[in-house]
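Taken in sequence, the protein lines are chains A and B.
Per this note's numbering: the first sequence = residues 71 to 401.
Per this note's numbering: the second sequence = residues 2 to 347.
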Amino acid sequence: MTPRNRAMLEFVLDNLVWFMLLAVLIIFSVSVPNYFQVGIFANIVEQSSFVGVMAIGLALVIIAGHMDLSVESVAALSAMVTGILFCGAGIGMGIVLDPPWLMIPVSLLIALAAGAAIGTINGFLIVKVKMNAFIVTLAAFIWVRGLVVALSGGRSAQDLAPAIRVIGIQRIGYIPLVAWIAIACFVIFSLIMAKTPFGRHLLMIGGNQAAAFRAGIKVDKILIIAFVLAGAIAGLSGWLLAIRTSGATANLGVGMLFNAFAAVVIGGVSLKGGVGALPGVYAGVLLLSAINTAINLMGLPPHFTQMIHGGLVLAAVLLDTFKHSIRQKLA
Amino acid sequence: MKRILLAILGAVAVAMALLSPAFAQSKGKVYYMVPTLLDEFQTGSVSALEMFMGQVGYEMQTLNADNKTDVQQSQMNDVIALKPAAIILAAVDFNALKPSIEAARAAGIPVIQFDRQITSTASDFTSVAGTIEIGQVAAEEVQRLLTEKNGAVKGKVLQVLGDPGDPYTLDIQQGFEEVMKDFPDVTIISLPAMMWEASNAGTIVSDQLLANPDIDLIFLHAAHLSVAAVASLEAAGRQPGDIYVMSSNGAPVGLELIRKGWLQVEVEQPLYAQAAAVAMFMDKVVNKEEIKPGEYDVLGLKSVVTIEAWGPNIKIPGAAITKENVDNPAFWGNLQPPTDQVKPVE
Chain A
71 MTPRNRAMLE FVLDNLVWFM LLAVLIIFSV SVPNYFQVGI FANIVEQSSF
121 VGVMAIGLAL VIIAGHMDLS VESVAALSAM VTGILFCGAG IGMGIVLDPP
171 WLMIPVSLLI ALAAGAAIGT INGFLIVKVK MNAFIVTLAA FIWVRGLVVA
221 LSGGRSAQDL APAIRVIGIQ RIGYIPLVAW IAIACFVIFS LIMAKTPFGR
271 HLLMIGGNQA AAFRAGIKVD KILIIAFVLA GAIAGLSGWL LAIRTSGATA
321 NLGVGMLFNA FAAVVIGGVS LKGGVGALPG VYAGVLLLSA INTAINLMGL
371 PPHFTQMIHG GLVLAAVLLD TFKHSIRQKL A
Chain B
2 MKRILLAILG AVAVAMALLS PAFAQSKGKV YYMVPTLLDE FQTGSVSALE
52 MFMGQVGYEM QTLNADNKTD VQQSQMNDVI ALKPAAIILA AVDFNALKPS
102 IEAARAAGIP VIQFDRQITS TASDFTSVAG TIEIGQVAAE EVQRLLTEKN
152 GAVKGKVLQV LGDPGDPYTL DIQQGFEEVM KDFPDVTIIS LPAMMWEASN
202 AGTIVSDQLL ANPDIDLIFL HAAHLSVAAV ASLEAAGRQP GDIYVMSSNG
252 APVGLELIRK GWLQVEVEQP LYAQAAAVAM FMDKVVNKEE IKPGEYDVLG
302 LKSVVTIEAW GPNIKIPGAA ITKENVDNPA FWGNLQPPTD QVKPVE
């Protein structure tokens, strides 16, 4: 193989998930009626926002060699807190601030704080008490959802304040503001991961925690920050969800954890830690959203959609595995 | 430390002494197996049953299965071992719970089906609105709304189901489509909101608004899904009434959307009456007395008891809630529990 061909192949492998996304978009555009239109592509970007933002926090923790199963419930908690405080109907208290725009930063800060609080508890138990991350976050997945049910009494908050809802309605160049927020998060955290000592240390810790410790990296501190960030980012995802659905129900976000995991894996993040980049995760989320939208438009019998969804995710992961075997042959 | 411990023990003893007379007056303990607490109908059913059972002298304990069939089966096994006066079951899975129902009845514990009808095995009493009938009532309302909009029963309807693994939504779909098949000029697009999750319903609506901009009506199988659907309509720049929206179960959120003009119809499940009927017949069920077929007045609703192959069955009519009657306090979505005491059937 010539060096030029090899470089091209390397480039394709490095960005395989983006090529997969492109291929899927082309195939669906040709084969699914009404798929090829700007509005549908904007929908794909919008729908990927919530799982996408959640996947950022999840990816940070997985890259660090750990696990966070609580992100879905944390997002639901933040959505419910936002809903209870700023919704005008249902169980909403209908708090109004003056000037109204102030409700955006205040509600966002509250949602982030709720998420960060759960992340702090998780981080403390995992890093300081040395409990297993899988078990701690699984427990949080359960008790935080329970907290949502307890807070809401199983009822829902509805009719989010218009000053906050504007983020779910306004668009800049066809793309809704919620999607721009998600894109901004991916850009910011991609830069943090690539350009800052925190990002590099996180990768090193995930690759070999003992070696990172011996190299003088403050492993515990960085791991706790990673869990707090994962919680806060899940809180942001919940805030966006509340805006999208104009409130919150007790089951909001159910099932998103698995989509976030699928996106992280498709995006090339190793579940063993130490490997992965956030742009790939974003492509993974877009890929899942593109598949979901196609299923919505194909008019398939509803009973088969889960099977198709799971099958397509499996195909995407198989392609990713195929990529790794080619890379090994190249090495 | 000793004093604190003694004080705590003393307080516990006083509390127990205060509680014991209540137990002494109770006709027995009844367990309510609720399928989930993640939707407003189910949480409403807990408080309604608790209130009505208290009025007829029973103490009620609720166990939540979190929508998991295996969890509900285990709970049934546990409760059978406790030998309660009766079990009220709202089954997660209509068929999977059949052996548990049979085991309870074999142990001499009466089983009452609440809200979700199980016809594959005998029960001591069943109180339902009829999920298939809810679909049929919805179909009648769709005919009315399409005629109002298009001059005839024709047009395009987007039906947003709940989770396709839940027989509840499949029954509504069955009832709805059975009636609608007589109208070939109506195109029905059916898509599931996986896990009954609201944002999934929102996503379906935003996609379909682009793929099928000529949708006349959206029918969602639960009120909480309509909230996200309306948010998507709003985000797409639609105004109330541009596309007709209706949903089923009569939850408070649905009623709020009717008041705001976004929802045209909510097909209510008569939650209070369903729960009151259970309380009215509880003595007869517990004492294994005969339940006579016929018409009964349940909180003002004419309800019919029939003796079916699976046992005595009371069916309470669901109602269509519109802007005209949305404030009727009889609808459970208005969260005004009936003030009249329920009395056991003699």
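For glycine and all other residues, C-beta sits at the position ideal for the given N, C-alpha and C.
Being a predicted model, the structure only gives us computed values, none of them experimental.
Put simply, the stretch 164-172 of chain B does not touch the stretch 292-310 of chain A. Fewer than three CB pairs are less than 8 Å apart. Within 7 Å of the CB of tryptophan 197 of chain B, the CB atoms of chain A belong to Asn321, in sequence order along the chain. Taking 9 Å as the cut-off between beta carbons, the residues of the stretch 201-214 of chain B near chain A are Asn201, Ala202, Gly203, Thr204, Ile205, Ser207, Asp208, Gln209, Leu210, Leu211, Ala212, Asn213, in sequence order. Chain A has a Cβ within less than 8 Å of the Cβ of proline 253 of chain B.
The C-beta of serine 143 of chain A comes no closer than 8 Å to any C-beta of chain B. When the beta-carbon positions are compared, alanine 276 of chain B and leucine 50 of chain B come within less than 8 Å of each other. Taking a C-beta distance under 8 Å as the contact criterion, serine 148 of chain A and alanine 184 of chain A qualify as a contact pair. Distances from the CA of glycine 255 of chain B to each of B:Lys157, B:Val143, B:Gly334, B:Phe126 were compared; the closest alpha carbon is that of B:Gly334. For serine 101 of chain A, the uninterrupted alpha helix (DSSP H) run begins and ends at 86-101, by DSSP. Selection B:Leu90, B:Tyr169, B:Asn201 evaluated against isoleucine 133 of chain B yields B:Tyr169 as nearest (Cα-Cα). If you draw a 10 Å sphere on the C-beta of phenylalanine 328 of chain A, you find fewer than 16 other C-beta atoms in it, and that means exposed. Interface criterion met: the Cβ of leucine 367 of chain A is under 8 Å from a Cβ in chain B. The count of Cβ pairs closer than 8 Å, one atom from the stretch 58-67 of chain B and one from the stretch 25-45 of chain B, reaches three, so the stretches are in contact. Taking a Cβ-Cβ cut-off of 7 Å, the neighbours of glycine 223 of chain A in chain B comprise Thr44, given in sequence order. Each of B:Gly156, B:Val268, B:Gly55 was checked against the Cα of asparagine 326 of chain B, and the nearest Cα belongs to B:Val268. Listed along chain A is no residue with a C-beta nearer than 8 Å to that of valine 129 of chain B; the closest approach is about 21 Å. Per the DSSP secondary-structure output, proline 241 of chain B pairs in a beta bridge with B:Ile244.
Closest in C-alpha terms to glycine 312 of chain B, from the list B:Gln118, B:Gln74, B:Ser304, comes B:Gln118. The count of Cβ pairs closer than 8 Å, one atom from the stretch 150-160 of chain A and one from the stretch 194-202 of chain A, stays below three, leaving the stretches out of contact.
Aspartate 298 of chain B is bridged by DSSP to B:Lys303.
For glutamine 117 of chain A, the CB contacts under 6 Å within the same chain, skipping 5 residues up- and downstream, are Ser359 in chain order.
Of all residues in the stretch 144-167 of chain A, only Ala159, Gly160 place a beta-carbon less than 7 Å from a beta-carbon of chain B. Judged by DSSP in its simplified three-state form, phenylalanine 220 of chain B adopts strand.
Along the stretch 102-127 of chain A, the positions whose C-beta sits under 7 Å from a C-beta of chain B are Asn104, Gln107, Gly109, Ile110, Asn113, Gln117, Phe120, read in chain order. Per DSSP, reduced to three states, the secondary structure at lysine 291 of chain A is helical.
Annotation: methionine 54 of chain B to alanine 280 of chain B spans about 5 Å, alpha carbon to alpha carbon.
The beta-bridge partner set that DSSP reports for valine 346 of chain B is empty. Counting only Cβ-Cβ distances below 9 Å, isoleucine 190 of chain B has contacts in chain A at Gly369, in chain order. According to the DSSP secondary-structure assignment, valine 327 of chain B is paired through a beta bridge with no residue. Rounded to the nearest whole angstrom, the C-alpha separation of alanine 139 of chain B and tryptophan 197 of chain B is 19 Å. Residue nearest to glycine 162 of chain A within the set A:Thr152, A:Met78, A:Ile191, A:Pro169 is A:Thr152 (criterion: CA-CA distance).
Residues of chain A with a Cβ closer than 7 Å to the Cβ of glutamate 235 of chain B are, in chain order, Ile239. The DSSP-derived three-state label of glutamate 142 of chain B is helix.
For aspartate 172 of chain B, the enclosing alpha helix (DSSP H) starts and ends at 168-181. Cα atoms of tryptophan 213 of chain A and aspartate 67 of chain B: separation of roughly 13 Å, rounded to the nearest angstrom. DSSP, read as helix, strand or coil, puts lysine 261 of chain B in helix.
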